[in-house]
Amino acid sequence: MKVELISITSDPERVIEIAARTCYQSGDRMVPEKIGQLLPKLIAMGHESPFEHAYATFQLEDVSRAMTHQLVRHRLMAVSQKSQRYVGEGNFAWVVPPSVPPEQVAEFNDDMGTIRDMYAKWKSRGLKNEDARFVLPNACTTELVVSANFREWRHIFKVRCHPRAQWEIRAVCLNMLGQLHERAPNVFCDIVAEVEPKGT
Ligand SMILES: Cc1cc2nc3c(=O)[nH]c(=O)nc-3n(C[C@H](O)[C@H](O)[C@H](O)COP(=O)(O)OP(=O)(O)OC[C@H]3O[C@@H](n4cnc5c(N)ncnc54)[C@H](O)[C@@H]3O)c2cc1C
Numbered sequence: 344m345k346v347e348l349i350s351i352t353s354d355p356e357r358v359i360e361i362a363a364r365t366c367y368q369s370g371d372r373m374v375p376e377k378i379g380q381l382l383p384k385l386i387a388m389g390h391e392s393p394f395e396h397a398y399a400t401f402q403l404e405d406v407s408r409a410m411t412h413q414l415v416r417h418r419l420m421a422v423s424q425k426s427q428r429y430v431g432e433g434n435f436a437w438v439v440p441p442s443v444p445p446e447q448v449a450e451f452n453d454d455m456g457t458i459r460d461m462y463a464k465w466k467s468r469g470l471k472n473e474d475a476r477f478v479l480p481n482a483c484t485t486e487l488v489v490s491a492n493f494r495e496w497r498h499i500f501k502v503r504c505h506p507r508a509q510w511e512i513r514a515v516c517l518n519m520l521g522q523l524h525e526r527a528p529n530v531f532c533d534i535v536a537e538v539e540p541k542g543t
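First residue of the sequence shown? That's 344 in the numbering used here, and the numbers climb one at a time after it.
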């Protein structure tokens with residue numbers, strides 16, 4: 344799994360604070376060394392629309408289509424994903440779920456090899472990529488670029504970083520959350536606190 348932050352609004356907390364203070368006409372109360380401190384108050388009030396002014400874009404690689412099928416359900420997120428029509432999957436790679444016992448990983452890999460052979464067979468019989476792909480597994484890896492504003496990222500992280508979320512989307516979203524929290528701590532600190540394992 345590779346999760347790379349490829350673009351982010353510069354000075355995102357400042358942009359969000361300017362937007363919020365425009366609503367309240369309190370720009371004169373903006374203090375450079377206290378930028379961002381207003382943001383947790385906005386979250387507590389439920390005034391989240393100013394968070395729509397900051398954006399972040401990630402490039403994801405070596406993730407399964409089982410994971411991306413869930414992620415792309417988030418409609419306010421822009422998505423560009425590797426096509427299985429324009430790009431052949433003759434050499435597809437796959438993700439092995441960690442729940443496969445180590446002594447059975449070879450068998451899992453053999454099954455993937457069988458599917459690779461099936462794909463090659465149907466291609467050799469003249470099927471186009473768009474139809475040969477019908478035999479491909481959810482484990483097949485893919486690559487995509489996803490963009491969203493910070494309000495939407497907050498929503499995605501709340502539901503996908505939850506301990507009951509599926510393990511792969513949770514791992515991807517925890518990684519993205521960590522990277523955005525570094526760049527905009529006041530935007531994401533409540534979610535980090537929510538999803539962090541609690542001490543005993
Ligand atoms: C634990 C879990 C289990 C799931 N299981 C299933 C399942 O079994 N089957 C299944 O099909 N899906 C399942 N989903 C996917 C889920 O139903 C949503 O499609 C997905 O989480 C996208 O969330 P969303 O619609 O809240 O958010 P987004 O699409 O990210 O939109 C963000 C928010 O914008 C608002 N919004 C967006 N579009 C509209 C609209 N058209 N009208 C009104 N408000 C809108 C809503 O407030 C929404 O919460 C599951 C999700 C989770 C987290």
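Even for Gly, the Cβ is constructed at its ideal location relative to N, Cα and C.
Quick caveat: nothing in here was measured; it's all calculated off a predicted structure.
Cβ atoms of residue j and residue i: under 7 angstroms apart, would you say?
i      : j      : result
Tyr398 : Asn481 : no
Phe394 : Ile359 : yes
Asp405 : Met344 : yes
Val439 : Leu403 : no
Val535 : Val489 : no
Leu382 : Val538 : no
With respect to the beta strand (DSSP E) encompassing residue i, which residues constitute its N-terminal and C-terminal limits?
i      : result
Ala527 : Ala527 -> no beta strand (DSSP E), and no H or E assigned at all.
Lys345 : Lys345 to Ile351
Ala421 : Ala421 to Gln424
Are there any heavy atoms of ligand 1 lying less than 6 angstroms away from the beta-carbon of residue i, as far as the coordinates show?
i      : result
His417 : yes
His498 : yes
Val489 : no
Val502 : yes
Hey, quick one: how far does the alpha helix (DSSP H) through residue i stretch, first residue to last?
i      : result
Glu495 : Phe493 to Arg503
Asn481 : First-last for Asn481: undefined, no H or E at that position.
Ala436 : Here Ala436 belongs to no alpha helix (DSSP H), and DSSP marks it neither H nor E.
Glu356 : Pro355 to Tyr367
Met388 : Leu382 to Met388
task = Identify every run of the beta strand (DSSP E) within the region 393-417, keeping only runs that are complete inside it and at least 3 residues long; order them along the chain.
result = DSSP assignment within the region 393-417 yields the following whole beta strand (DSSP E) runs of 3 residues or more, N-terminal first: 398-407.
Complete runs of the alpha helix (DSSP H) confined to the region 444-487 [at least 4 residues] = Taking only runs of at least 4 residues, the alpha helix (DSSP H) segments lying wholly in the region 444-487 are 448-467 and 472-475.
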